[in-house]
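Here is the structure we will look at, set down as structure tokens.
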Amino acid sequence: MEVPILKQGGYLIATVQAALTDADLLQLRRALIERVVQMRSHGVILDLTALDVMDSFASRTMNEIAHMIRLRGAETVIVGIQPDVAFTMVQLGLTLEGVATALDLEEGLKYLNQKFKTARN
Amino acid sequence: MAANEAHVGIKSDTDIVTARSQGRMLATGLGFSSGDTTLIATAISELGRNILSYAGQGEISISAVDGCGRCGILIIASDKGPGIPDVQQALRDGFSTSGGLGLGLPGVRRLMDEFEITSVPKRGTTVKAKKWKL
Numbered sequence: 000m001e002v003p004i005l006k007q008g009g010y011l012i013a014t015v016q017a018a019l020t021d022a023d024l025l026q027l028r029r030a031l032i033e034r035v036v037q038m039r040s041h042g043v044i045l046d047l048t049a050l051d052v053m054d055s056f057a058s059r060t061m062n063e064i065a066h067m068i069r070l071r072g073a074e075t076v077i078v079g080i081q082p083d084v085a086f087t088m089v090q091l092g093l094t095l096e097g098v099a100t101a102l103d104l105e106e107g108l109k110y111l112n113q114k115f116k117t118a119r120n
Numbered sequence: 000m001a002a003n004e005a006h007v008g009i010k011s012d013t014d015i016v017t018a019r020s021q022g023r024m025l026a027t028g029l030g031f032s033s034g035d036t037t038l039i040a041t042a043i044s045e046l047g048r049n050i051l052s053y054a055g056q057g058e059i060s061i062s063a064v065d066g067c068g069r070c071g072i073l074i075i076a077s078d079k080g081p082g083i084p085d086v087q088q089a090l091r092d093g094f095s096t097s098g099g100l101g102l103g104l105p106g107v108r109r110l111m112d113e114f115e116i117t118s119v120p121k122r123g124t125t126v127k128a129k130k131w132k133l
């Protein structure tokens, strides 16, 4: 199932709504980087609230998305990782090193606003 | 098919999603906590991906098991692929021949309570992993 990507000011918000296949994850990666370029976005929020399984492939793809977007000069925040998912990721040895995370969409937006406010000053 | 077992043929990435949702359903039905249910679904996902990456296709069976008055779940991932030449190496963190993170098999071993792997070169690989309900 394709992940919808919404534009909100200078940010993009991608909200995962159902279980993702590997092909869906790769499609998300491609679509997000394309939209960041197209929209000249400064920030991306990846909302994983509805994601019930984060295995090594999903985790690697999220890492790749965040790092590709950083190379474009934009910032990614991953929000909404469920407690059970976080627990399993730690057991598996999966980390999202160097990737910003926040509790939910609201906190993610706050993080980006803060980041770009300090960048402007 | 009894309600406490499921068999899913693994030929594509959508089958992995099917297998993990079947596993989640079975585990929930057996009364596993939501945390353990997520562990089980994630283990199934890793095993399914191993099948696709190394053998191209195979099967995942999930069933309820009883042991010493405890209730558990058994995942069997089997394929008729090339087999793993060095099982001990495949169980080490960070070892991968598919370009992955190399966390698949050792990760599954950490997530589950019991883990057993048999692999015969050119004949295939079978992984059996159990999780007991607390």
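Residue numbers (numbering that gives the first Met the number 0), protein chains in the order written: chain S, 0 to 120; chain B, 0 to 133.
All C-beta atoms in this analysis are idealised placements derived from N, C-alpha and C, irrespective of residue type, glycine included.
(request) Take residue 83 of chain B and list the residues in its own chain whose beta-carbon comes closer than 7 Å to its own, dropping the five residues that flank it on each side. (result) 89, 118, 124
(request) Decide if residue 54 of chain S is buried, meaning its Cβ has at least 16 other Cβ atoms within 10 Å, or exposed. (result) buried
(message) Determine whether the beta carbon atoms of residue 25 of chain B and residue 61 of chain B lie at a separation below 8 Å.
(response) yes
(request) Within the same chain, show all residues whose beta-carbon is closer than 8 Å to that of residue 0 of chain B, passing over the 5 residues directly before and after it, in chain order. (result) Unreliable placement is indicated for residue 0 of chain B, whose pLDDT of 44 sits below 50; the coordinate value is still reported in the next sentence. Taken in chain order, the residues that qualify are 6.
(request) Decide if residue 21 of chain B is buried, meaning its Cβ has at least 16 other Cβ atoms within 10 Å, or exposed. (result) buried
(message) What are the residues in the segment 8 to 22 of chain S lying within 7 Å of chain B by C-beta distance?
(response) 18, 20, 21, 22
(request) Could you run through the segment 86 to 120 of chain S and flag, in chain order, every residue whose CB is less than 8 Å away from some CB of chain C? (result) Of the protein chains in this structure, namely S and B, none is chain C.
(message) Please state the DSSP three-state secondary structure of residue 115 of chain S.
(response) helix
(request) Classify residue 71 of chain B as helix, strand or coil using the three-state DSSP reduction. (result) strand
(request) Measuring only between beta-carbons, confirm whether residue 0 of chain B sits less than 8 Å from chain S. (result) Per-residue confidence for residue 0 of chain B stands at a pLDDT of 44, beneath the threshold of 50, marking its modelled position as unreliable; the derived number appears in the next sentence. Not one chain S Cβ lies under 8 Å of residue 0 of chain B.
(request) Helix, strand or coil for residue 17 of chain B, going by three-state DSSP, please let me know. (result) helix
(message) Going by DSSP in three states, residue 5 of chain S sits in which element: helix, strand or coil?
(response) strand
(request) Determine the direct distance from the alpha carbon of residue 98 of chain S to that of residue 65 of chain S, and round the result to whole angstroms. (result) 6 Å
(message) For residue 12 of chain S, list the residues DSSP reports as bridge partners.
(response) S:5, S:44
(message) By DSSP's criteria, residue 114 of chain B is part of a beta bridge. Which residues make up the other side?
(response) B:128
(message) With a threshold of 8 Å between beta-carbons, can residue 8 of chain B be considered close to chain S, or not?
(response) no
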